[in-house]
Amino acid sequence: MLSRIADSLFWLSRYMERADGLLRATSTHYILSLDNVVMGAMTWKPVLEIFTTKNEEEIRQLEHDTAASLHTLLTDVNNQNSLKVVITRARENARGAQDHVTKEVWEEINALYHLLNQPTISERQGEQDVIQMMQLFSQHSLLYTGVADVTMPRGLGWSFMNLGKFIERCFEVIVMADKHYERIGYNLHEENVIIQWKELLFSLSGYELHLKTYRGADYNHNVLHQVLFNDDFPHSVLYSLTRIEKYLKDIVAENPSPGNANLLRCFGRLYSRVQYMDPKSIDSGSLKSFLADIREDLLQFSNALGQNFFSYQ
Amino acid sequence: MSLQALLNEYNCPEGIWDEMCDAGKIRKHYDKVVTTFGTLDVPALQQKDVLAGELFMNQGITFTVYSDNKGIERIFPFDIIPRIITGKEWDVVEKGIQQRLKALNLFLKDIYSGQQILKDGIIPAALISSCPHYLREVHGIQVPNDIYVHISGIDLIRGDDGKFYILEDNLRTPSGVSYMLENREVTKRIFPDMFAANNVRVIHNYPLILYQILLQLAATQISNPTVVLLTPGMYNSAYYEHTYLARQMGISLVEGRDLVIDDHKVYMKTTNGLQQVHVIYRRIDDEYLDPLVFNPKSVLGVPGLMSAYRKGNVAIVNAIGNGVADDKAVYAYVPAMIRYYLNEEPILQNVPTYELSDPEAKEHVFKNIRKMVVKRTNQSGGYGMVMGNTISEEDWEKAKAEIEKDPRSFIAQPIVQLSTVPCFINGKFAPRHVDFRPYALCGPEGVRIVPGGLTRVALKEGSLVVNSSQGGGSKDTWVVDL
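Just so you know, the protein sequences line up as chains A and B, in that order.
For the first sequence, my numbering begins at 1 and goes up steadily by one.
For the second sequence, my numbering begins at 1001 and goes up steadily by one.
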């Protein structure tokens, strides 16, 4: 497979996953923010911090303005990570690799792109059907995932797409978990109610699983276990890494190259750090550095992957 | 209103060949189509029209218009009523194009080696040496099987006498073949029964024939040659076509940055290291192919590609330097080439052409400009064209000054009233002018032309300019055996 194609498929998938995460987080936050009684002082700050590159001052100006925040997150072309920009980039990558994605996948991405580029989209954002609109986008995003799964041939291209998807997901979970634990000062012993974890869990589609799986009121530890170590939870770090391992092995087996050893070493370090971690041993003092470390390792691995397979420029 | 009533209202213009009507009567090969339309009403046809538009849009079958600032992509307008040619007419077209390509291939071989045709005074040497697409860099290079033009699109028009004339040869990187194929697929979707009833000759094997030819061009000792399609990238106006063809042939679609030359061999950069490439179907113009030899600023090409080509380590399709044969001034000499190389009379005639570098011809053209069309010899896509019957005095003065500066770059032809075909526009049938571009493939086993082609239609009333970049559309073209 051409390096450029591998690169395009990888990023196509990363951007689509990012769009999915962005939509889920934004609509969750929006819905919860309507509930003023419970979430008194809730602002858009955390979401803006995760999904935009705005500085503190800009965020301060935006955080209390729902309409402006939604615009920034969804359709602002000046925000490099807005839904519109992310989908446009996904489509560019799909176009560049058009002969390697199926017609169905291409058409689905194309449809979402055209939907986002309707001239009326900005007007609709400020009005009452904002939830409907986000739901429609989410549906398309899910449709893409399904269509890709059903139609894409398994092989190198599929493996690169999945690497992109799970690397992106892994980053997203780490960053979101970090943001939410930062709120409580990484203090795992502070008393908390489940309501306060609702946003994180809903943003990762894990609320129901949490209720079914975890008993007891130690929510701080339980949620942490779920998002990092629960291997049944498709948005956990461990689950994502397990998937990455599979696709990485497939790719390495088909592409013997001198850089593979370093790449596998890089990944192995990260994977074992999470896999063999005793969840109970993480305490308030080490949580912050643990999250920072796995994020750093993931970044290194992602760079090594790019250097090994995508260096065609 | 029923369609039958609409059809009755259809008035074919006087003095122009209409593909469907002959003096108020329906031509025999349109019978079945007209009968089918008799059973439909206007809303039903409109619905089919909308469906066709959606099919094109959702598949992303779009092209780029450079002068349009509104956005980069647009659908190629498609008219749902097919244009029909009889098998008998087609056979003449086929033979004529085969003959023409045979001569053009011999001409290219000659012009880049012994130049016998210049020595014998059939074509003036000055005409060739002043042609911007004549490339000294490829002089003496041996190409596989002596084939230079593997893929060509020959533009034909039908005059008021009902005969087909050659309007233009496209021997470099002709585009539009994907529209020919997609138009057919869409027609099958919207008129399945009508299509089946008409006994239309098949065209869908075009990509397979092309792939076979590409494979045959690799050096014979290679058992499993790597064939790639080289595209300028996704911002090119024909990018959809490039992906379509690559997909249909199952070959890699590469950009210049995916290729690298080492030891006069071409490789593509894969996740598994470098892989040698044996045949390149390129959709990049000559001057951008190799920055070391041609335009040094080109980032689309591959540095060193010419060296690999010269050594015979890679076959490039179409051959480099073909532009000399489809130059609009050289076009006038193609009938002479046919007589010179083949000792045959041309089956398909040219449209009379005046070279403006000839002062007498220029004077004649200037006097009769209202009946003439002036074209640039090295431009395509309808850019830089002057239609004498519509141009304003002021614009004509400007154009005249341009011509005086460099008369070699212009030719003139009398305006031919292109034949018309009924189009479904705003709920009515209206005659619109069309041309016809069949796609010919030339391999070691001879010239093959799939029976059909792209019918381009000037959608503006009365307009004779069919180019997609100038607001033209297209139609499915059926070759039917009665």
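Beta carbons: idealized from backbone N, C-alpha and C, even for Gly.
Remember, predicted model here, so these are calculated numbers, not experimental data.
In its chain, beyond the 5 residues on either side, G1388 have a beta carbon closer than 6 angstroms to the beta carbon of I1369 (chain B).
Within the same chain, Cβ atoms closer than 6 angstroms to the Cβ of H1433 (chain B) are found at L1418, T1420, A1458 and L1464, the five residues on either side in sequence being excluded. DSSP places V1299 (chain B) outside both helix and strand once states are collapsed to three, so it counts as coil.
Around K1269 (chain B), the beta-carbon contacts reaching into chain A at under 9 angstroms are L2, S3, R4, S311 and Y312.
Linking L270 (chain A) to G1473 (chain B) through their CA atoms gives a straight-line distance of about 57 angstroms. With respect to chain B, the C-beta atom of E104 (chain A) has no partner C-beta closer than 8 angstroms.
Under the three-state reduction of DSSP output, F1424 (chain B) falls in the strand class. Straight-line spacing of the CA atoms in L73 (chain A) and V86 (chain A) works out to 10 angstroms.
Assigned with DSSP and collapsed to three states, E1014 (chain B) falls in coil, not helix or strand. W44 (chain A): not part of any alpha helix (DSSP H); DSSP gives it neither H nor E. Of all residues in the segment 80 to 111 of chain A, only E92, R95, G96, Q98, D99, K103, W106, E107, N110 and A111 come within less than 8 angstroms of chain B when Cβ atoms are compared, listed by chain position. Going by C-alpha positions, I1449 (chain B) is about 37 angstroms away from P1296 (chain B). Y1211 (chain B) and I1203 (chain B) have their C-alpha atoms some 15 angstroms from each other. A distance below 7 angstroms between beta-carbons, with the five flanking residues on each side excluded, links T1226 (chain B) to the following residues of its chain, in chain order: Q1275, Q1276, V1277 and H1278.
Note that the segment 1112 to 1129 of chain B does not touch the segment 1181 to 1188 of chain B; fewer than 3 beta-carbon pairs, one per stretch, sit closer than 8 angstroms.
Of all alpha-carbon atoms in B:D1120, B:R1189, B:F1037 and B:M1020, the one lying nearest the alpha-carbon of L1051 (chain B) is that of B:R1189.
Look at the segment 232 to 313 of chain A and you find these whole runs of alpha helix (DSSP H), each 4 residues long or longer: 237 to 254, 260 to 275 and 287 to 309. If you ignore the 5 residues before and after L1342 (chain B), its C-beta comes within less than 6 angstroms of the C-beta of A1103, all in its own chain and listed in chain order. For C1442 (chain B), there is no enclosing alpha helix (DSSP H); the enclosing beta strand (DSSP E) covers residues Y1439 to G1443. In the DSSP annotation of this structure, the continuous segment of the beta strand (DSSP E) that includes F1078 (chain B) starts and ends at F1078 to T1086.
For the C-beta of S257 (chain A), the chain B residues within less than 9 angstroms are, from N- to C-terminus, T1271, N1272 and G1273. Not one beta carbon of chain A lies nearer than 8 angstroms to the beta carbon of S1113 (chain B).
Leaving aside the five residues that flank F1164 (chain B) on each side, the residues in its chain whose CB is nearer than 8 angstroms to its CB run, in chain order, E1089, V1092, V1093, G1096, L1156, I1157, R1158, L1348 and F1436.
Within chain B, the residues T1271 have their CB atoms less than 8 angstroms from the CB of L156 (chain A), given in chain order. Between K1119 (chain B) and D1146 (chain B), the gap from beta carbon to beta carbon reaches 8 angstroms or more.
The Cβ neighbour count for P1192 (chain B), taken over all protein chains shown within 10 Å, is under 16; the residue is labelled exposed. With a contact defined as Cβ atoms closer than 8 angstroms, V1042 (chain B) and L1003 (chain B) qualify at about 7 angstroms. Residues of the segment 1222 to 1235 of chain B whose Cβ lies closer than 7 angstroms to any Cβ of chain A, in chain order: M1234. Of all residues in the segment 1241 to 1261 of chain B, only T1243, A1246, R1247, S1252, L1253, V1254, E1255, R1257 and D1258 come within less than 8 angstroms of chain A when Cβ atoms are compared, listed by chain position.
At a cut-off of 8 angstroms, the C-beta of N1183 (chain B) has no neighbouring C-beta in chain A.
Under DSSP, T52 (chain A) takes part in no beta bridge, so it has no partner. Around the beta carbon of H100 (chain A), 16 or more other beta carbons lie within 10 angstroms, which makes this residue buried.
It is roughly 26 angstroms from the alpha-carbon of E1355 (chain B) to the alpha-carbon of A1319 (chain B).
Within 10 angstroms of the beta-carbon of K84 (chain A) lie 16 or more other beta-carbons, which makes it buried. Rounded to whole angstroms, the Cβ separation of A261 (chain A) and S141 (chain A) is 37 angstroms, and the two are not in contact under 8 angstroms. Counting only residues of its own chain and dropping the five nearest sequence neighbours on each side, C266 (chain A) has a CB closer than 7 angstroms to the CB of Q300, F301 and A304.
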